[in-house]
Structure formats: structure tokens, C-alpha cells
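The structure under discussion appears below in the form of C-alpha cells.
Number of protein chains: 2
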Amino acid sequence: MNTVLLVEDEKEIRRFVRLALQGEGCQVSEAETMTQGLQEAANLKPQLIILDLGLPDGNGVDFVQRLRSWSQVPVLVVSARSTEYDKILVLDAGADDYLTKPFSVGELLARVRALLRRSRADNELNTPVVKFGTIEVDLARRLVSKAQQSVHLTAMEFKLLSVLLTNAGRVLTHRHLLREVWGGAHSEHNHYLRIYVAHLRQKLEDDPTQPVYFQTEIGVGYRFQPQMGQVGFSQDMSA
Amino acid sequence: MNTVLLVEDEKEIRRFVRLALQGEGCQVSEAETMTQGLQEAANLKPQLIILDLGLPDGNGVDFVQRLRSWSQVPVLVVSARSTEYDKILVLDAGADDYLTKPFSVGELLARVRALLRRSRADNELNTPVVKFGTIEVDLARRLVSKAQQSVHLTAMEFKLLSVLLTNAGRVLTHRHLLREVWGGAHSEHNHYLRIYVAHLRQKLEDDPTQPVYFQTEIGVGYRFQPQMGQVGFSQDMSA
DNA sequence: ACAGTATTTACACCATTTTTACATTCCACC
DNA sequence: GGTGGAATGTAAAAATGGTGTAAATACTGT
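Residue numbers (my numbering), protein chains in the order written: chain G, 41 to 279; chain S, 41 to 279.
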């Protein structure tokens, strides 16, 4: 069964939309604020998020950007604001569809079905728990453990790990990594990468002097290599 | 570069949309009828299809259903008809988005970007792999293996291999190879080529003294000869 | 002020690239 | 069919620059 997270502050609309979605056979969870919405997204791992832009705390663009740093779950934005600028901004931030209030139930459900249909194809990607060797990483909850022992990563370390993991198997150039983790301004400081990759190796590799997961491509960049094809983006939804 | 197929009968609108898409860096192909559109979709394998519902021959629902029988390419429907029923029908048939005319260019492009972004994520998983003999080369991931054993190539070695492979069967002059790999400044140092071709042979040929794949054209240059016609650019057909 | 973190600095080390030297093959010409 | 010179192949050194490690310093929020 599909789980849909509804981030919406108006009680009436929540009820209205929830009933419609339940009629589709979806399980519906609700959040009233964006911060709460992000938490729920991490906990529930829904197959779809419906987001109202008109929430009191924070804007939708920010919500989508932060969500996208660890999840590819489809986002359908619903808003009373219908200016072109609003739409473009949030779509480019990573949202998948935009529906202007007032909307018809039928169209909402059709768009929900379209998004769910497509996300089913690649939903192995969406699940944010990555396992390799004895290590488990929950990108959504920012939790890392090695051999059942929880491992503490700093903010930068985690961000770097997250970028490497979401591009598993591919070489990421120094430039690209620096832009993603530190921001465009520091795209020349290759030193940072050596230090933080060293940290990750120290904390996660079985033998930090013989790295297996975090490989160096000299003169190019670094790659995360899921060993033995054992990257299981496994997830149990306990229905 | 992304290819977009535009199925639309009105010349004005075609021109209008084509210019906008080209501004995004897309390559645009056009079809005036649905039957023509299906043919083009099969031939070009575009990354996105924009479909006008108001075409003279046949309806859009039919178009999408037939397309979906063999392709998962995203479809953005554009239509003057805006009844809820129209939208639901074509979305449920397999379309991914629905935009009502008249629409703003900005919103159209934002929705196009959203669809392309998601379809790219799907395709990134299976990158083209070149196979010859017991060797496999994944150019996108910079991975090379021989008989299931991963082979390490240096930056220059890989660059050279990449140029040779993408021109399989063709003779590449010393000059050309040097310009591609080392840059224009070193186009006279033929020694480099001998050394690095030797490296590739050492690492990839079954018998480096009797090269089969990396052949010398004396006085001219080198060629990569995919033996047994077995160059398989295996690639996903989702487009 | 303190602890945790990010950034800077310093240095030893190693892989790759480039240089250098010499053996081998090819091919035209005798 | 040899022979010599040019082109090519091999094998090592030398030079370059990237990389890993450790530690000191600056920063940040509490």
C-alpha cells in the first residue's frame, strides 16, 4: 500500500484530501508544519508528499531543497498562490507537480496516480537506508552505524558521505564534491576532501589504510564503491 | 543533450515552443499528427514528449496508451480543453503532466525541467558498457575490468582508452590522439602515445606482444579494433 | 569559557607523468 | 634476400604533483 504524507495546515483541507486519498487505497499521514513535515518524511518514508506552500513556518522552496538532499520521493505542491514565479521556483527546487487551489478532487487524484505510477518504477532509489559491509546509513535520519555500533559523524562528514552514497559507483570530481558539500566558493580547496575522506575511512573502513568503499581516482576525484554488489537500499515499511 | 518530441499541429505554437526548448539546450523534433508522432517517438527515442490533445487524427488517450505499450518516456500533455474529465482520462492513460492552454513559457519550461530531471535519475543507473573479449569498460563510471577482475587505469590511460573506444574501428592519427588526450600543446610528442598504448596493451590485451584490440597503423596512428564484432553498447531502451 | 567542529598548516610519501636510453620491428632500396 | 634508417616498442630512471597523515589554530554555538 502507498503511504502519502500530507503537509498542510488547514484542518478542513487535510480532512478533505485525506478522505479522497484513502478512497484511492492510500495510507495518509499528516503534518501541520514544514519542520514536522520533514521529520515525518524521514520517519515514514512515504511514496508521495503533498505540500501546501502556504504554511506559517518557512517556505516551500526550502522544504523541497532540504528534502532533496536525502530523498527522491515525488512532491506534489498545492498552493493558493498561482503566479508563474512561485511555480517555477518550487518546481526547479525539486518538486514534481504544482496544482493551484481551488482544485478538483478528480484532478488531484489523477496527478497523484501519475506520480505514484512513475515512482514505483524507481522506488528502490527512494529508500534512504544504505547498507554495505557491516555499515548501515540512514540518510533521512542522519544515523550511521558500523557493526551494530552507532558511529558519530560531523555535519561535513555526513554531507560528504551522503553525496558519495547517492552517487554510488560513480566517480565524483574534486570540483563537484566541493561544490556539493562546501558550496561553490571553496571549489579549489582539494585539501578539505583529502581530510574528510580520510575521516570517513577512519570511521567506516575495516582497514583505513586499505580503503575498499571510498576509493581515490588520482587526479580526478573520489568514488563510493558499494562492495560485492551489496548496496541494499533495503527498507521495511511494515505496511 | 536532451531530445524533446513536440507533437502539435499548429505551426505557430510549434515555433513558439521549439524556441523556448532550444533556449533550454534541448534538441527539438516535431510531428504534426499522432501517427507521425508515434513513429518519431520510436525512431528518435526522445527524453520527453510534449503532446497537444487537439490533433485532427485520433485522440490523445489512444496515443498515450499505444506509446506506453513499449516506452516509458515522460509525456507532458498540452491542451485547450481543460475539463476535469479530459485531464483525468489522459493522465490515467499514462501521461505525466497536463498543462492547459494558454500557458506561460516559464511554467512550461519548469515542468519540462522537472520531468527531465526525474527521467534522468532513472537512466543514470544503467550506463552504456563497452565489451570486447573478456573486457568491460564503463566509460561513465570510469570502471574497467578484465575477466571479472577490476583493472586500474591512470587518468591519461583512461582518457586515451576512452578516445579510442568512442572511435572504434577507425584509425586515429598521432596528432589527433595527442590533441584529444594531452591537449594541443603536446601534439608533437609521439613518444607519449607509444608508451601509453603499451600500457593499455599490457593491462588489457591477452597477449601484449601480439596486440589484437589496439592496433598500430605505421606512420599514421592507432586504431581500436573491437574483435569479433562484439562491441556491445548495451544500453537501456527506456527512452 | 568550554567542547566540538571546521579550517589551516606542515610534512612525508607515493603514483603518475615525463624524460632518457636502448632494443626491436618495419619497409624501401640496393 | 639482405641492409640501413626511420618508426615503433620496452624498460628503466628522474621529476612532478597529487595524496595521506598528524597536529595546531580558528571558529561556532552553548
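Cβ coordinates follow ideal geometry from the N, Cα and C atoms, glycine included.
Beta-carbon within less than 6 Å of Val184/G's beta-carbon, same chain only, minus the 5 sequence neighbours each way: which residues are those? Counting only Cβ-Cβ distances below 6 Å, and skipping sequence neighbours, we find Val177, Val191, Leu193.
Across which residues does DSSP place Leu71/S in a beta bridge pair? Reading the sequence as shown, one finds Ala at residue 71/S and not Leu. Ala71/S is bridged by DSSP to Val47/S.
Which one of Leu84/S, Asp92/S, Ala154/S has the shortest CA to CA distance from Glu48/S? Closest by alpha carbon: Asp92/S.
Can you tell me where the beta strand (DSSP E) holding Ala255/S begins and where it ends? Residue identity check: residue 255/S is Gln in the sequence provided, not Ala. Annotation for Gln255/S: the continuous beta strand (DSSP E) segment containing it runs 254-257.
Flag this pair as yes or no: are the beta carbons of Gln237/G and Phe264/G separated by less than 8 Å? Reading off the sequence shown, one finds Val at residue 237/G, where the question assumed Gln. Going by C-beta atoms, Val237/G is not nearer than 8 Å to Phe264/G.
Local conformation of Asp276/G per DSSP, three classes: Residue placement at Asp276/G is flagged as unreliable, the pLDDT there being 38, under the threshold of 50; a coordinate-derived value is accordingly withheld.
Interface partners of Asp178/G on chain S, CB under 9 Å: Residues of chain S whose Cβ lies closer than 9 Å to the Cβ of Asp178/G do not exist, since the nearest Cβ in that chain is about 20 Å away.
Could you check the C-alpha separation between Asn42/G and Gly261/G for me, to the nearest Å? If I take the Cα positions, the gap works out to 39 Å.
Return the chain-ordered list of same chain residues with a C-beta closer than 7 Å to the C-beta of Arg241/S, the five sequence neighbours on each side being excluded. Shown here for Arg241/S: same chain residues with a beta carbon closer than 7 Å to its own, the five before and five after excluded, namely Pro248, Pro251, Phe254 in chain order.
Measuring CA to CA, which of Val145/S, Ser122/S, Gln79/S is closest to Phe56/S? The residue with the shortest Cα to Cα distance from Phe56/S is Val145/S.
8 Å Cβ cutoff, Arg151/G in contact with chain S: Arg151/G counts as touching chain S.
Contact criterion: CB-CB distance below 8 Å. Does Val131/S meet it with respect to chain G? Residue identity check: residue 131/S is Leu in the sequence provided, not Val. It does; some Cβ of chain G falls within 8 Å.
Which of the three DSSP states is assigned to Gln270/S in this structure? Note that Gln270/S scores a pLDDT of 42, beneath 50, so its modelled location is shaky; the value from the coordinates is reported in the next line. Gln270/S falls in the coil class under three-state DSSP.
Given Val68/G, which residues of its chain have a CB within under 7 Å of its CB, disregarding the five upstream and five downstream residues? Val44, Leu46, Arg58, Leu61, Gln62.
Could you check what DSSP says for Leu212/G in three-state terms: helix, strand or coil? DSSP, reduced to helix, strand and coil, places Leu212/G within a strand of the structure shown.
What are the residues in the segment 245-264 of chain G lying within 9 Å of chain S by C-beta distance? Identification of residues in the segment 245-264 of chain G having a C-beta nearer than 9 Å to some C-beta of chain S yields Glu257, Ile258, Gly259, Val260, Arg263, given in sequence order.
Which of helix, strand or coil DSSP assigns to Arg151/G: Of the three classes helix, strand and coil, the one that applies to Arg151/G here is helix, per DSSP.
Inter-residue spacing [alpha-carbon to alpha-carbon] between Leu116/G and Leu149/G: Taking the straight line from one Cα to the other gives about 11 Å.
Cutoff 6 Å; reference Arg222/G; Cβ partners in own chain excluding five residues on either side: The sequence shown places Trp at residue 222/G, rather than the Arg named in the question. Cβ neighbours of Trp222/G beyond the five flanking positions: none.
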